[in-house]
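A short worksheet on the structure shown next.
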Amino acid sequence: YYARAGINGAHAFSRRLEIFVTAGVKIPIYTENEAELTDSVFITLEPGDRVSGFAETGLEIGMVKVSIFYEGLRFSESDRVAFGNSYYYQPESEADIFGINAGVTF
């Protein structure tokens, strides 16, 4: 679970055309990853929390909204979890997600 804090702004060029931007940070509250070792054995790993960022910018043209976005995910290494004679952990990991949104507003 994350809390998001940031800023957003918009500028209307006309009643039918608006540009917008949103950016900020994602502050982790609780992170958990359930790993499947076999078909019936699962362990729960809790990677560390690291702040990451997000951003989106786009246009609203009439009822159509189109934007590009970025979302970052950052996790530090989890504590080791014992199962049987082995220890498991989630290594430090990162993900950068980029995409395009398109939709109709009502």
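Just so we're aligned: 92 in our numbering is position 97 of the sequence shown, and the numbers increase by one with no gaps anywhere.
Just so it is clear, CB atoms sit at the ideal spot from N, CA and C, and this is done for glycine as well.
Identified DSSP bridge partners for residue i
{"i": "Asn28", "result": "Leu40"}
{"i": "Tyr82", "result": "Ala77"}
Residue i and residue j closer than 8 Å at C-beta
{"i": "Leu32", "j": "Phe101", "result": "no"}
{"i": "Thr26", "j": "Ala50", "result": "no"}
{"i": "Tyr82", "j": "Arg75", "result": "yes"}
{"i": "Gly43", "j": "Val20", "result": "no"}
Neighbour flag for residue i against chain B, beta carbons, 8 Å
{"i": "Pro23", "result": "No chain B is part of this structure, which consists of one protein chain only."}
With 16 other Cβ atoms within 10 Å as the buried cut-off, status of residue i
{"i": "Ser71", "result": "exposed"}
{"i": "Pro86", "result": "exposed"}
Cutoff 6 Å; reference residue i; Cβ partners in own chain excluding five residues on either side
{"i": "Leu12", "result": "Ile56"}
{"i": "Ile14", "result": "His6, Leu54"}
{"i": "Arg69", "result": "Arg45, Ser47, Glu89"}
Span of the beta strand (DSSP E) around residue i
{"i": "Phe135", "result": "Because residue 135 is not part of the residues shown, which for the chain are -4 to 101, the question remains open."}
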